[in-house]
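A.B. asks: Going letter by letter, the sequence shown gives residues 0 to 934 in numbering that gives the first Met the number 0.
Note that CB positions come from ideal geometry on N, CA and C, so glycine has one too.
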Amino acid sequence: MNKVYSLFALALLSVSAVAQSLPQDPTIRKGKLKNGMTYYIRHNAKEAGLADFYIAQRVGSIQEEPRQRGLAHFLEHMAFNGTKNFPGKGKKLGIVPWCETIGVKFGANLNAYTSIDQTVYHIGSAPLKREGIIDSCLLVLHDWSHYLLLEDAEIDKERGVIHEEWRTRRAGMAVQRLMEQAMPKIYKGTKYEDCMPIGSMDIVDNFPYQDLRDYYQKWYRPDLQAIIVVGDIDVNKMEKKIKKIFSPIPMPKKAAERIYYPVNDNEKMIVDIEKDKEQPIALCHIYQKREATPDSEKNSEKYLRDDYIDGLISSMLNDRLVELRQLPVPPFQSATGRASTFFLSRTKDAFSLSISCKQDNILGGIISAVGVAERARQHGFTQSELERAKKLRLNAAERRAKMQGDYRNSHYVNVCVDNFLEGEPMLSADFKLANTQKLDREVTLAEVNAAVKELITDKNQVVVMYAPDKEGFEIPSEQQIEQVILAAQQQAYAPYAEQQLASSLMSSMPKAGTIVSEKPYRHGFTELTLSNGMKVYTKKTDYEADAVSMRMYGEGGTSLYGDADIPNFSMITSGATEGGVGQFDAVTLRKMLAGKSVRVSPSVGSKGQSINGSASLKDMETMFQLSYLYFTQPRRDEAAFASLINRQRAFLANRNASPKVDYNDSIRAVLYGHHPRVAPVVQQTLDKISYDRILDIYKERFSDAANFKTVIIGNFDEQQLRQYLCQYLASLPATGKHEHTNQANVPQIVDGQQVVKFTKKMATPLANVSIYLTADVDFSPKSDLELDFLKRCLSIAYTDSVREEKGGTYGVSIDFELDKDDHPNATLKIAYNADPSRYGELNPIIYQQLQHIADRGPAATSLKKVKEYLTKQYAQMAITNDYWSYIIWHELDDDADFDRDYCKLVNAVTAADVQRMAQKILAAKRCIEVTMLSE
C-alpha cells in the first residue's frame, strides 16, 4: 500500500508541477515587435561603460536544401563583408573596420557562429562613449537581420576563406571527419543525415550566387530573430531605440514554416564503427534515446525538477565510473555518463555513455561501463551518494546567488539566447536558489531511483565508435559490440556498497606558527612574513563576492636535478597526486570534497614548484588544509600509480596517429636543439620511471616553505585569513636553503636562422607553418607593450592580406613572450595553416608584412585601433583577481610594475616605437621556421 500511495503522490506532484509556470527574471525586459521580432534588454553595471549587442536566429544548417549545403555558414561570413549601412566602400567603413575604430576587435569581440539549428552574431564589449556608438551597434544588428549586400565579388573572395576553415577544422581532427561519416547511418531517413554547418566544399566553391540569396531571403526574418542588449545602458531608452530601428523590418507575407525535424526511434540497436588512420584511440558512445521536452513545456517546475534529478544521477554515476578508472588495471582510459541531447539533434534526448577504450581491452571497457549503468538501474543509488550529489547542486546554487552581482554581460546574454533559441527558463539567481533548496528538501532516494529506471534503459539504442585504422589495432565487429552491450544489460549485479567517510581532512592540527611582520606593499597588497620565513602577499578585493585565489611558488623545479631524472619529470605532478593526499586516496578525497567549492593543485615545472588554489569564502579553510597536506603529506599508493602508468601506456600506444603530434614534436626538437628535457614522453619513457624517485623529488621540492612566496587575492575576512596563515602556512616546514632555478638546465631556443620543412601523409592536405623569431630586448613594461602592439598590428595586416585579399587561410595566429630569465628574452611566434599548394604564394607575405612594419612602421589606422582596444580591455581586466595576480607576480619575480600608468603608456606608443621593435626582432637574425606539408 505504501508503494502504491507514493507513486500516486508522485503522479499528483508531476501534474501540479507541469501546471505551475515559472517567474521570469524581473531584471530582464523581454518584448516582441509587431513584425514578430523578439527583444531582450538588461542593465548590468559590472562592466562600466560597456555593452554587448547580439542578434540570435532560430535558423541554421538544418534549413538548407541539398544545393545549399554549407551556405548557412557561408552567409554568416558574408555578414561581415558589406551591408546596407556598412558597405565598406568609399568613405563608408565596413562593419569590421568600423568596430575596430571603437576598440571592438574582430574575433575577440566581433564574431558569430552557425550551428545546425541556430545562428548568432554579436558585438561584444562595445564602449558606450557616445550615443552614436549605441545607434551604430544597433544599426549593425539591423543590417545583419535583413540588409546584407551579398555582392558577387565579395562572395567569390570568401569562398577561399571558407575552404581554409574547412581544411583547418578537418586536418588533424579525425573525430570531425568520423562524425560526418557516422551521421548518415545513425540518422538514416531524417534531415540530420547530412547537416553539418561546414557543408560541402564542392558547393562552397561553385554555388550560384542566387542560392545564397535565396537562403537569406527565406530564413532571415523577424519572427525567427531576437535582439539582445545587455550592459551599462538605460533600459527604457534602449527599448525605444529597438522599436524605432527594428520595427520597419518587413515580415514576409508567405513565410516558410520553420520545422524542427524529428529523429526516428529504433527497435534494434544501431551500431556504427568509423575508422580513421589519424584517430589515436577507440572512443565508444552509447546512446539510449528518449523524447526531448518540448520548448513549450520547459517553463515549468516539472522541467526544473526533472533536470535536477537528471543532474543528480549523472553526478552519482560518474563518481562510480571514476572509481573503476582508479583500479590498478583499469578497464578503460575514462568513462562518463549523463543525460543529454542525442548526438547533434535537439529534438531527441538520450542517456549517453562515453568510453575512452584501451587498445587491449575495448570490449572489456564497454562491458564495465555498461555494468556501472546497469547496477544503478537495477539497484539505484545509496542515501550517502544522494546526499553528496545534492550538496554539489545546492552549493552551486548558493554561489550563483552570492555572485550574481559579479556576472559579466555575457552571462545575461547567454540566458537570453538560451531562452529564445531553446526555450530555457529565464530565472533569477534568487529563484534558482530557492528552487534548489526546495528540491533539496523534497526529492527522495525513491524518486531518484525510480527516475534512473526511466533514464537508463536497454531500448532505442545507438552505438557509435570512432576507432584507429591501424594494422595490429584490432577493432571488434559491430555484431560483437551489440552482443556484449546486450549481455551486460541482461546480467544481474550486486548492489553498490561504499565505506563511511571521515568527517574531516585532518585528524590533528599542526602547531601554529606566527606572523612576524606586516607592512603595506605595492598595488594595495600587504606583505606578511611568517615565522617559517615564507612571504605572503594579500589583497582584499570585491571583484568576485564569493571567491579567493591563492598561489604558492618557489624557485627550483626540475632544473635542480640532473639528466638521469628526465624520465621522471613528466610524471612528478600526476604521480605524486594520483594517490590522493594525507590519509585519503583520490576517490575518497573526491567524495569528501563534494559540495565544496575548492580546488587545490600542486605542480613541479622546469623552473619551480607551486600550489595553486581557489575557493568560496566558506571553503577557504579547506583550501588551506589541502595546501598544507599537499606540501607535507603526499600519499603513496602503489595501486593508484600502477593505474596511472597503465592508462598512460594505453594512451601512448597509438600516440603518433595524428600528424599534429609529429609536427609539435618536431617544433620542440628544432627550437631547442633536440634538448633531452623537451623530448616527448613515449612508451620507452615509462619503463624508466621510478615511483620512489618521483616521490623523493616531490618531497624535496616542497620541503622549504621559506623558499616560497604566496599570493592571496579575494573577498576574504582579514582576521580569519590571518588565523589560517598561522595555522596552515606558518606551520609548514622550512630548511632555509633558499634554492634558485638552475638556468643551465632550462632549455633555451637555439641561435641562428633555419627553415625546416618536411612532408607527412595526411587525410586532409594541409600546410602547417610556425615561425619563431627571438631577440634580446630591454626587459620592461614598455617593451612588453611594444611587442603587444607589434603582435596586434601584424594580426590586422595578416587578416587584410592573407585572409581577406588572398582567401588563403582561416586566420594567422600571432603571439609573443617576454621572460626576464630567458636568453633571448623575447619571442614572437607566427603560425598559420593553408592549402599546401599555396604555401609558396602565402609564406613570403608573412615575412613581408613584418618587414614592412620594420621598414615603414604600422599603419596609422592599425595603431589607433590597437590603442582603442587595449584601453578598453584594461578597464575590463583591472576588475578581476587574475589581473592583479599577474601584476603582483611581475613585481615579485621581475621587480617590474606592469600596471603603473598603463593607459598613458598605451596612448604614448608611436608608430616609431612599434617599428623599432620590429627592427630589433629582425636585426637579431634569429628566425626558425618549421613547416609540415602533406605528401
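Run through the DSSP bridge pairs and tell me what Phe997 is partnered with.
C.D. replies: There is simply no residue 997 to check, as the chain begins at 0 and stops at 934 in what is shown.
A.B. asks: Which runs of the alpha helix (DSSP H), 4 residues or longer, sit entirely within the segment 313-352?
C.D. replies: Here no run is fully enclosed.
A.B. asks: So, with DSSP's three-state summary, where would you put Ala449?
C.D. replies: Residue state, collapsed to three classes: helix.
A.B. asks: Please state whether the Cβ-Cβ distance between Cys926 and Leu772 is less than 7 Å.
C.D. replies: Their beta carbons are under 7 Å apart, which means Cys926 touches Leu772 by this criterion.
A.B. asks: Can you tell which of Phe757, Asp799, Ala639, Leu70 has its C-alpha closest to the C-alpha of Phe206?
C.D. replies: Checking every option, the nearest Cα to that of Phe206 belongs to Leu70.
A.B. asks: Tell me the DSSP bridge mates of Ser861?
C.D. replies: According to DSSP, which records beta bridges pairwise, Ser861 is partnered with nothing at all.
A.B. asks: On the three-state DSSP scale, how would you describe His822?
C.D. replies: DSSP places His822 in coil when its eight states are reduced to three.
A.B. asks: So who's on the other strand from Gln752, going by DSSP bridges?
C.D. replies: Its beta-bridge partners are Cys926.
A.B. asks: Just the C-alpha distance for Pro935 and Ala125, rounded to the nearest angstrom, thanks.
C.D. replies: With the chain running from 0 to 934 in the structure shown, residue 935 is simply not present.
A.B. asks: Taking the alpha helix (DSSP H) that Met549 belongs to, which residues open and close that run?
C.D. replies: That residue, Met549, is in no alpha helix (DSSP H); its beta strand (DSSP E) goes 547-554.
A.B. asks: Could you tell me the alpha carbon to alpha carbon distance between Phe7 and Thr443, rounded to whole angstroms?
C.D. replies: Model confidence at Phe7 stands at a pLDDT of 39, short of 50, so the residue's coordinates are unreliable; what they give is reported in the following sentence. Cα-Cα distance, rounded: 15 Å.
A.B. asks: According to DSSP, is His673 part of a helix, a strand, or is it coil?
C.D. replies: In the structure shown, His673 sits in coil (DSSP, three-state: anything other than H, G, I, E or B).
A.B. asks: DSSP beta-bridge partners for His42?
C.D. replies: Gly230.
A.B. asks: Between the C-alpha atoms of Gln117 and Ala511, what's the straight-line distance to the nearest angstrom?
C.D. replies: Approximately 58 Å between the Cα atoms of the pair.
A.B. asks: Under the three-state reduction of DSSP, which class applies to Val905: helix, strand or coil?
C.D. replies: Note: Val905 maps to helix in three-state DSSP.
A.B. asks: Roughly how many angstroms separate the alpha carbons of Ser299 and Leu21, rounded to a whole number?
C.D. replies: The alpha-carbon atoms of Ser299 and Leu21 are separated by roughly 6 Å.
A.B. asks: Decide if Ser794 is buried, meaning its Cβ has at least 16 other Cβ atoms within 10 Å, or exposed.
C.D. replies: Per the 10 Å Cβ criterion, buried.
A.B. asks: I want to see whether chain C comes within less than 7 Å of Gln498, judged by CB atoms only; does it?
C.D. replies: Note that chain C does not occur in the displayed structure, where there is just one protein chain.
A.B. asks: So the alpha helix (DSSP H) Arg399 belongs to, where does it begin and stop?
C.D. replies: 382-401 is the span of the alpha helix (DSSP H), which, as asked, contains Arg399.
A.B. asks: What's the call for Met508, buried or exposed, on a 16-neighbour Cβ count within 10 Å?
C.D. replies: Met508 should be labelled exposed.
A.B. asks: Tell me, please, which residues DSSP counts as bridged to Ser516.
C.D. replies: DSSP lists Thr528 as partners of Ser516.
A.B. asks: Within the same chain, show all residues whose beta-carbon is closer than 8 Å to that of Ala910, passing over the 5 residues directly before and after it, in chain order.
C.D. replies: Around Ala910: Gly856, Pro857, Ala859, Leu862.
A.B. asks: Any idea what DSSP makes of Thr268, helix, strand or coil?
C.D. replies: As written in the sequence, residue 268 is Met, which differs from the Thr given in the question. Met268 falls in the coil class under three-state DSSP.
A.B. asks: Considering only the alpha carbon of each residue, which of Ile571, Val597, Asp686 lies closest to Arg634?
C.D. replies: It is Ile571.
A.B. asks: I believe Thr537 touches Ile711 by the beta-carbon criterion, under 8 Å. Please report the beta-carbon distance rounded to the nearest angstrom.
C.D. replies: So it is a contact: roughly 5 Å between Cβ atoms.
A.B. asks: Assuming Leu966 contacts Gln436 under a Cβ cut-off of 8 Å, what Cβ separation, rounded to an integer in Å, is found between them?
C.D. replies: No information on residue 966 is available, as it lies outside the stretch 0 to 934 that the chain covers here.
A.B. asks: Have a look at Leu616, Ile688, Val660 and flag the residue whose alpha-carbon is nearest the alpha-carbon of Glu717.
C.D. replies: Residue Leu616 is the option with its Cα nearest to Glu717.
A.B. asks: Judging by CA-CA distance, which residue of Lys708, Gln752, Ala874, Lys698 is the nearest neighbour of Thr525?
C.D. replies: That would be Lys708, whose Cα lies nearest to the Cα of Thr525.
A.B. asks: Counting Cβ pairs closer than 8 Å, one from the segment 747-758 and one from the segment 647-656, do we hit at least three?
C.D. replies: These segments do not touch.
A.B. asks: Looking only at DSSP bridge pairs, what is Pro833 linked to?
C.D. replies: In the sequence as presented, Pro is not what sits at residue 833; that position holds Ala. According to DSSP, which records beta bridges pairwise, Ala833 is partnered with Ala766.
A.B. asks: Given this structure, state the Cα-to-Cα distance separating Thr335 from Pro327, to the nearest angstrom.
C.D. replies: Whole-angstrom Cα-Cα distance: 19 Å.
A.B. asks: Counting C-beta neighbours from all protein chains within 10 Å, is the total for His162 16 or more, i.e. buried, or is it exposed?
C.D. replies: His162 should be labelled buried.
A.B. asks: Rounded to whole angstroms, what is the Cα-Cα separation between Ile844 and Tyr831?
C.D. replies: Rounded to the nearest angstrom, the two C-alpha atoms are 12 Å apart.
A.B. asks: Does the distance from the C-beta atom of Val160 to that of Arg802 stay below 7 Å?
C.D. replies: For Val160 and Arg802, yes; Cβs fall inside 7 Å.
A.B. asks: Provide the residue(s) that pair with Ala125 in DSSP beta bridges, ordered along the chain.
C.D. replies: Ala50.
A.B. asks: For Ser954, which residues in the same chain have their Cβ closer than 7 Å to its Cβ, ignoring the five residues on either side in sequence?
C.D. replies: This structure cannot settle anything about residue 954, because the visible part of the chain is limited to 0 through 934.
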